Structures are given as structure tokens and as C-alpha cells.
Amino acid sequence: MLPSQARRHWKMGQVIILPPFKKPSNWFWRGTHPEDVIVEPRKIKAVNLHRDPDGDRFLGLIEPFTYQSLEALYPEHIKDGGSIYYPADAILERSVGYVRLPSVSIRRNDWGKLRARVEITSPRRSLSRIYDFSIVGKDLRNRVESGDIRIGSTFENVLCRLSLAGPYAQQRNQCYVMLSHIHGV
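All you need for the working numbering is the position in the sequence shown, starting with 1, plus 363.
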């Protein structure tokens with residue numbers, strides 16, 4: 364898909380209809396990303412409904428992909444300091460989903476990269492732990508870069524989409540958790 368086609372079709376909150384798709388061949392299959400499919404781009408249809416990324420319609424659409432906790436979304440994840448990852452050879456049920464987080468702060472790290480400092484409370488313990496995730500959602504990144512969302516902003520009790528990166532060979536083939544959307548911000 365050309366970048367211009369992707370920008371036209373893949374907008375946060377835009378409803379699209381995908382044609383029948385097929386699973387990738389074994390060569391391209393990633394056990395950490397079971398949602399991967401092959402879709403013919405010319406057959407994607409955008410539904411001409413009012414875009415409502417922050418309203419009830421959107422919440423209804425993401426309900427099947429919303430989890431009560433990080434542990435429910437990513438069971439048996441591995442903690443690496445302030446990061447969370449899976450080995451690239453793991454076989455998972457999902458690589459992306461929404462979780463309500465107590466606190467998310469937008470910041471830049473020492474190398475200038477956009478990061479999210481995330482507070483996660485374990486449902487099994489009353490302890491909170493702070494994690495540091497890359498911010499990868501294009502809409503979210505653009506809003507930070509444009510100043511619409513300020514560096515240093517903190518959002519409390521927000522529904523966030525978390526997703527796994529592809530494996531990084533330089534990181535021992537680990538798939539790290541990233542932040543790709545904050546609902547309602």
C-alpha cells in the first residue's frame with residue numbers, strides 16, 4: 364500500500380470494511396503477532412460514517428479488544444527494568460489491545476524519542492509499577508509534535524491501546540510493548 368493510500372484509509376476512529384483476507388505464509392508468520400493478515404488494498408472500503416474516535420460508537424467497536432489489566436492483555440510477559448517484552452519466538456493470542464491505565468505521562472528520553480511513562484497497578488497486588496513505553500501511534504505522535512498535546516502532560520485513568528513491536532535483533536529478538544493510542548485525549 365502506498366503511504367497516501369494508508370493515510371486515506373487508516374485514521375483513528377475511521378470504520379473500514381476489509382475484504383476476505385488470508386494468513387501470511389510460514390515465511391512471514393510471526394507467533395507474537397497472530398493478527399497479521401494479507402489484505403488486498405484496493406478492496407478496502409471506508410464506511411462514510413461520522414468519525415467518532417472519542418464517543419460511544421468507538422468504545423463499542425473496541426470493546427472486544429479491551430482488557431481489564433496489562434496481565435489480561437499480555438499474560439506471562441517479561442519485565443526488563445522499565446520495559447515489558449516477549450521473546451520473538453513466543454506464540455501469543457494477541458499482540459494489541461486496550462487497557463485502562465491509572466496514569467500516562469508524555470515525555471522525551473535523553474535521545475529525544477517520544478516516550479510514555481505509564482503507571483500500572485497489578486490486580487493481584489496493591490502495588491503500582493512504572494514502565495516506559497515508546498509512543499508509536501502516528502495520530503498521537505503528530506499531536507505531540509504539533510503541540511496539541513504538551514510534553515510533560517499527564518493523563519489519569521485513560522484507556523490506552525498497547526501493541527507489540529516487531530522483534531529487534533539488536534535487542535536479542537525481543538518484542539517490546541509500545542503505546543499507540545490514548546482514547547479521549
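No residue lacks a Cβ here, since even glycine has one placed at the ideal position from N, Cα and C.
Small disclaimer: the values here were computed from a predicted structure and weren't measured.
As for any beta strand (DSSP E) of minimum length 3 sitting wholly inside the stretch 392-458, the runs are 441-443, 446-450, ordered along the chain. Counted as a single uninterrupted DSSP element, the stretch harbouring aspartate 473 is not any alpha helix (DSSP H), since DSSP gives it neither H nor E.
In the three-state reduction of the DSSP assignment, serine 388 falls in the coil class.
For leucine 522, there is no enclosing alpha helix (DSSP H); the enclosing beta strand (DSSP E) has its first and last residue at 517-527.
If you compare the alpha carbons of Cys523, Asp419, Asp495 with that of tyrosine 539, the shortest gap goes to Asp495. Here the stretch 501-514 makes no contact with the stretch 432-442; the two share fewer than three CB pairs at distances below 8 Å. By alpha-carbon distance to valine 481, the top candidate from Lys501, Arg457, Ile379, Arg524 is Arg524. Cα atoms of histidine 546 and aspartate 473: separation of roughly 27 Å, rounded to the nearest angstrom.
For valine 548, there is no enclosing beta strand (DSSP E), since its DSSP letter is neither H nor E. Valine 507 sits in a helix when the DSSP states are folded into three classes. The residue among Leu433, Leu522, Arg405 with its C-alpha nearest the C-alpha of serine 367 is Arg405.
Cα atoms of serine 458 and valine 548: separation of roughly 23 Å, rounded to the nearest angstrom.
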